[in-house]
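*Asks:*
Protein chains in written order, with my numbering: chain A, 196 to 370; chain B, 716 to 924; chain C, 285 to 481.
(1) With respect to the beta strand (DSSP E) encompassing residue 820/B, which residues constitute its N-terminal and C-terminal limits?
(2) From which residue to which residue does the alpha helix (DSSP H) around residue 463/C run?
(3) Please name the residues in the region 748–776 of chain B whose beta-carbon is closer than 9 Å to at least one beta-carbon of chain C, in chain order.
(4) Between residue 773/B and residue 877/B, what straight-line distance do the alpha-carbon atoms span, to the nearest angstrom?
(5) If you follow the alpha helix (DSSP H) that residue 881/B is in, where does it begin and where does it stop?
(6) Let me check one thing: in DSSP terms, what residues is residue 302/A bridge-paired to?
(7) Could you round the C-beta distance between residue 209/A and residue 322/C to whole angstroms and report it? I think they count as a contact, below 8 Å.
(8) Which chain B residues are close to residue 357/C, counting only those with a beta carbon under 8 Å from its beta carbon?
(9) Measure the C-alpha to C-alpha separation of residue 387/C and residue 347/C and round it to an integer number of angstroms.
(10) Would you decide whether residue 369/A is buried or exposed? Buried here means 16 or more other CB atoms lie within 10 Å of its CB.
(11) What does DSSP give as the partner residues of residue 442/C in its beta bridges?
(12) What is the rounded straight-line gap between the Cα of residue 862/B and the Cα of residue 850/B?
(13) Put residue 778/B into one of helix, strand or coil per three-state DSSP.
(14) Could you tell me whether the region 295–314 of chain A touches the region 338–346 of chain C, where touching means 3 or more Cβ pairs closer than 8 Å?
(15) Quick one: list the residues of chain A neighbouring residue 405/C, beta-carbon separation under 7 Å, in chain order.
(16) Output needed for residue 294/C: all residues of its chain with C-beta closer than 7 Å, excluding positions within five of it in sequence on either side, in chain order.
(17) Just the chain A side, please: which residues come within less than 8 Å of residue 451/C by C-beta, in chain order?
(18) Can you say whether residue 247/A is buried or exposed, counting buried as having 16 or more other CB atoms within 10 angstroms of its CB?
(19) Which stretch, first to last residue, makes up the alpha helix (DSSP H) that contains residue 433/C?
(20) So which residues of chain F does residue 371/C contact, with C-beta pairs closer than 9 Å?
(21) Which value, in whole angstroms, describes the spacing of the CA atoms of residue 464/C and residue 364/A?
(22) Pick out the complete alpha helix (DSSP H) segments inside the region 324–383 of chain C, 4 residues or longer, and give them in chain order.
(23) Quick check: the Cα distance between residue 894/B and residue 867/B, rounded to an integer number of angstroms?
(24) Go ahead and label residue 803/B buried or exposed: buried means 16 or more other beta carbons lie within 10 angstroms of its beta carbon, across all protein chains shown.
(25) Would you check if the distance between the CB atom of residue 351/C and the CB atom of residue 317/A is smaller than 8 Å?
(26) Just checking, does the region 280–296 of chain A make contact with the region 402–411 of chain C on the three C-beta pairs under 8 Å criterion?
(27) Considering just the uninterrupted stretch of the beta strand (DSSP E) at residue 847/B, what are its terminal residues?
(28) Confirm, please, whether the CB-CB distance from residue 285/A to residue 460/C is below 8 Å.
(29) Run the CB neighbour count on residue 812/B, radius 10 Å, all protein chains shown included, and call it buried at 16 or more, exposed below.
(30) Once the 5 residues before and after residue 865/B are set aside, which same chain residues still bring their CB inside 8 Å of it?
(31) Have a look at residue 731/B and residue 356/C and give me their C-alpha separation to the nearest angstrom.
(32) Using the beta-carbon of each residue, which ones in chain C are nearer than 9 Å to residue 846/B?
(33) Is it buried or exposed, residue 343/A, if we count other Cβ atoms within 10 angstroms and call 16 or more buried?
(34) First and last residue of the alpha helix (DSSP H) that includes residue 313/C?
(35) Going by the CB atoms, is the gap between residue 350/A and residue 328/A shorter than 8 Å?
(36) At the level of alpha carbons, what is the spacing between residue 301/A and residue 327/C?
Printed below as a string of structure tokens:
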């Protein structure tokens, strides 16, 4: 209610949202036997793109070759389809809750430019980190926690613990 | 507002606590790798063809022969009293009861050792007790009991006893003292009175029976 | 035992990608609907003015976890067929730290940034561009990371096993902890000055 007054938009109750989210995750595990993911889709598109542009380079590279050699690997293409679905789902939600609008969201204390630079570098760090940890917040932390994976809990604590500290370092960007 | 969340929280806790209460069916009662290894290396899981023969003739009520060969082979020939459970259905729930009768000794056999041994391992992993493998399978059984060669005259007394036992058994199974071709199922089932020669030595193959 | 459905062959493999799109849509809809398309709402968790991430994230994890355990305990789902995220101790921690810094700088994680892109957040688009860049950098510089990437491998360990308790007990304790966090977060939220965003 409060949110609606201030920002002119409504969100799901967080517990309802979380419960529905959990059901989707549960359905994913029941149907496919694995969890959700997002960074994996980025990885397979990058590997695919490099393979198209410079096939010999992709073959030689120790990292791409893992994924290009078996590019028919269901895990990789599965995540790409899942992310396409995600975009569609989020678009629908934006439509339903009337949030479709091009804008740069940032604290009034900083410029759009600064926000965009930080978004880009944050994304780059997240990209590197997610490859290192073999999954991001959805693939490793959330899906990992749902099946009680030790790695999932460790990644979750590392992400949120570090982000908590660094959020205060970059406080000016946010509040 | 807060009250709703309290109710939800209690609901969540009750649901989570339910996990502790309901029985866990997912736990397969599987033999641990260590005890499996011990069991596999224990020669007592094997039973000789002679021992099986003796028990068949003696009408051992605890003996339950399990033929793990495909049904068509079973129909052509099988040991008397054997039950056919093809290897691929050994773990089928419809046979669990049969394999777990108290006091019964299940003896798996196939043509050779391989299939019977595979069936034994599958069942052992699911903690089925009282299971054995007929060493050598039907091939050995046929070669020793039905086609058993006469020992040379210098053979030991034990060998001679064994031979006469086998000869008697052959008579039991085939109705004649002479070596014959492949026995027919109906012939095999013919009950023939025979004087069973007790084997003198060993043969209970350790703790096998 | 009938689940998981596709690995057990109840649903043919060819439906895999259809379900990927459908489940992805559910995922995207719920994430966006909960407000994960807004970086300032997400980052609110760390300053205490909006704990939506904490609430949604843990409610989702608990729901899925409890559901999976129930299905497994009544024998409808083979837990051993589920993909358990493997544990690489060193790379999970260091990767997590790198992601944490990226999280604090960019305000998104990959999943939420895709939601932001879908509703037109330009910062989210830049974040996604950054993601591609980061993955590209990592892949090109992989020989540098290779040792770290593979270090500390422990297999697909369950946290309950490593703590020496049953899955059900761990799930119960985690539920208690999460509910405690929810009440704590609500209590804090009331006391911390709201931030307009």
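The beta carbon of each residue, even a glycine, is placed where N, CA and C say it ideally should be.
*Replies:* In this structure, then:
(1) 820–824
(2) 451–475
(3) none
(4) 16 Å
(5) 872–889
(6) None; residue 302/A has no bridge partner.
(7) Actually they are not in contact, since the Cβ atoms of residue 209/A and residue 322/C sit about 13 Å apart, beyond 8 Å.
(8) 734, 737, 738, 739, 740 and 741
(9) Rounded to the nearest angstrom, the two C-alpha atoms are 25 Å apart.
(10) buried
(11) Beta-bridge analysis with DSSP links residue 442/C to 344/A.
(12) 17 Å
(13) strand
(14) Result no; under three Cβ-Cβ pairs closer than 8 Å.
(15) 298 and 300
(16) 286
(17) 343
(18) exposed
(19) Residue 433/C -> alpha helix (DSSP H) spans 426–434.
(20) Looking for chain F here will not work: the only protein chains present are A, B and C.
(21) 27 Å
(22) 336–357
(23) Per-residue confidence for residue 894/B stands at a pLDDT of 46, beneath the threshold of 50, marking its modelled position as unreliable; no derived number is given.
(24) Result: exposed.
(25) No, they are not a contact pair.
(26) Taking one beta carbon from each stretch, the region 280–296 of chain A and the region 402–411 of chain C have 3 or more pairs nearer than 8 Å; the two touch.
(27) Start and end: 846–849.
(28) no
(29) By the 10 Å Cβ count, residue 812/B comes out exposed.
(30) 878
(31) About 14 Å.
(32) Within 9 Å Cβ-Cβ: nothing; residue 846/B doesn't reach chain C, min ~24 Å.
(33) buried
(34) 300–317 is the span of the alpha helix (DSSP H), which, as asked, contains residue 313/C.
(35) yes
(36) Computed Cα separation, rounded: 11 Å.
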